[in-house]
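Numbering (UniProt numbering), first residue to last: 1 to 250.
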Amino acid sequence: MKILVTGSTGQLGKTITNHLKDSEYEVKLTSRRKPEDMSYEWVYSDLLTGDGLEEAVRDVDVIIHAATSPVKNSELIEVSGLERLLSRAQNIQHFIYPSIVGIDQIPYKYYKLKYKAEALLENSSVPHTIVRATQFHGFVEKLFLSKPLFKRYVIPGSIKFQSVDVKEFAKHLLELSKEEPQGRTDDFGGPDIVTLSEMAEMKIKINNEKNKVMNVSLPGKLYKSFLEGENTNSSQKTGKTTFEEYLRNN
1 MKILVTGSTG QLGKTITNHL KDSEYEVKLT SRRKPEDMSY EWVYSDLLTG DGLEEAVRDV
61 DVIIHAATSP VKNSELIEVS GLERLLSRAQ NIQHFIYPSI VGIDQIPYKY YKLKYKAEAL
121 LENSSVPHTI VRATQFHGFV EKLFLSKPLF KRYVIPGSIK FQSVDVKEFA KHLLELSKEE
181 PQGRTDDFGG PDIVTLSEMA EMKIKINNEK NKVMNVSLPG KLYKSFLEGE NTNSSQKTGK
241 TTFEEYLRNN
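In structure tokens:
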């Protein structure tokens with residue numbers, strides 16, 4: 001069986017590729033940039049233009065669509081690009097779409113586009129599985145806890161996260177690839193729901209930092225949605241690696 005990983009040079013794509021080294025799959029990768037590890041067949045493709053997509057999906061049984069663009073050309077990549085890919089993937093057996101917990105509740109443009117992409121896939125004839133994950137440990141740390149200001153983490157500390165290890169989610173996607181298409185399946189959440197302030201205190205303690213935590217409140221619906229935990233799912237604590245364990249191992 002042959003599997004295609006799109007976005008093979010991104011964080012999730014590279015992590016999936018690493019897990020494929022010991023799998024029974026024949027592996028094919030596609031992206032705009034060449035991967036550093038050229039152990040597998042690689043095909044150039046561009047979701048913006050459609051260039052290379054036909055060659056990328058040729059003779060493929062399963063696709064894990066890890067390609068994403070939260071900042072630049074988001075609508076063209078997330079929605080139009082997915083539509084281009086699906087139009088060329090009518091004969092595959094299983095299309096796996098990694099998504100994000102809370103995209104139907106959180107008023108953020110990128111999330112709205114991911115939700116629109118989910119609907120596009122659900123209305124297509126392509127056999128598929130959609131699985132939402134909570135934010136990755138590394139994403140939360142990089143976005144909020146990477147650059148203290150005057151020895152302080154200035155953060156909206158009361159907002160909640162249920163962050164998850166990207167390696168565990170990548171492994172979960174590969175396990176789903178061996179099963180029948182499920183449509184929308186259970187979310188994949190981290191083991192703990194904690195506030196950003198608690199996460200900052202963990203980092204300070206583990207690294208013996210002299211930094212302090214300064215909590216700030218923000219206006220608007222976006223802040224409120226995170227404050228209310230719309231980006232979490234307490235009934236799906238599937239991941240095993242906690243944020244504290246991630247910090248100790250990185």
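For every residue, glycine included, the Cβ atom is placed at its ideal position computed from N, Cα and C.
For clarity, every value in this text was computed on a predicted model and none was experimentally measured.
{"Check": "Test item: CB-CB of H137 and F95 under 8 Å", "Outcome": "no"}
{"Check": "Limits of the unbroken beta strand (DSSP E) element including M214", "Outcome": "K212 to N215"}
{"Check": "Range of the contiguous beta strand (DSSP E) that encloses E122", "Outcome": "Looking at the DSSP string, E122 is not in any beta strand (DSSP E); the run it does join, the alpha helix (DSSP H), is K109 to E122."}
{"Check": "Stretch pair the stretch 76 to 89 + the stretch 16 to 29: three plus CB contacts closer than 8 Å", "Outcome": "no"}
{"Check": "Among K109, A67, R84 and I92, the one whose alpha carbon lies nearest that of I3", "Outcome": "I92"}
{"Check": "Boundaries of the alpha helix (DSSP H) in which I96 is found, first to last residue", "Outcome": "That residue, I96, is in no alpha helix (DSSP H); its beta strand (DSSP E) goes H94 to I100."}
{"Check": "DSSP three-state assignment for G220, whether helix, strand or coil", "Outcome": "coil"}
{"Check": "Pairwise C-alpha distance: I16 and L174", "Outcome": "8 Å"}
{"Check": "Cβ separation of L145 and K203, assumed to be a contact under 8 Å, to the nearest whole Å", "Outcome": "6 Å"}
{"Check": "Sequence-distant residues of the same chain with beta carbon closer than 8 Å to N215, five excluded per side", "Outcome": "I155, P156, G157, S158 and S197"}
{"Check": "Residues that V164 bridges to, as DSSP identifies them", "Outcome": "F136"}
{"Check": "Reduced DSSP category for S23 - H, G, I as helix; E, B as strand; rest coil", "Outcome": "coil"}
{"Check": "Boundaries of the beta strand (DSSP E) in which E41 is found, first to last residue", "Outcome": "E41 to Y44"}
{"Check": "R248 (DSSP reduced to helix, strand or coil)", "Outcome": "helix"}
{"Check": "Pairwise C-alpha distance: L113 and S80", "Outcome": "10 Å"}
{"Check": "Opening and closing residue of the alpha helix (DSSP H) in which I204 lies", "Outcome": "L196 to I206"}
{"Check": "For L143, the three-state DSSP class (helix, strand or coil)", "Outcome": "helix"}
{"Check": "Exposure of G183, with buried meaning 16 or more beta-carbon neighbours within 10 Å", "Outcome": "exposed"}
{"Check": "Buried versus exposed call for T49 [16 or more other C-beta atoms within 10 Å across all chains shown]", "Outcome": "exposed"}
{"Check": "Helix, strand or coil at F188 [DSSP, three-state]", "Outcome": "strand"}
{"Check": "The stretch 166 to 180 touching the stretch 215 to 224, judged by at least three CB pairs closer than 8 Å", "Outcome": "no"}
{"Check": "Boundaries of the alpha helix (DSSP H) in which P4 is found, first to last residue", "Outcome": "First, the amino acid is wrong: residue 4 is Leu here, not Pro. No alpha helix (DSSP H) holds L4; the beta strand (DSSP E) holding it covers K2 to T6."}
{"Check": "Contacting residues, own chain, Cβ-Cβ under 6 Å from I77 (five flanking each side not counted)", "Outcome": "L47 and S69"}
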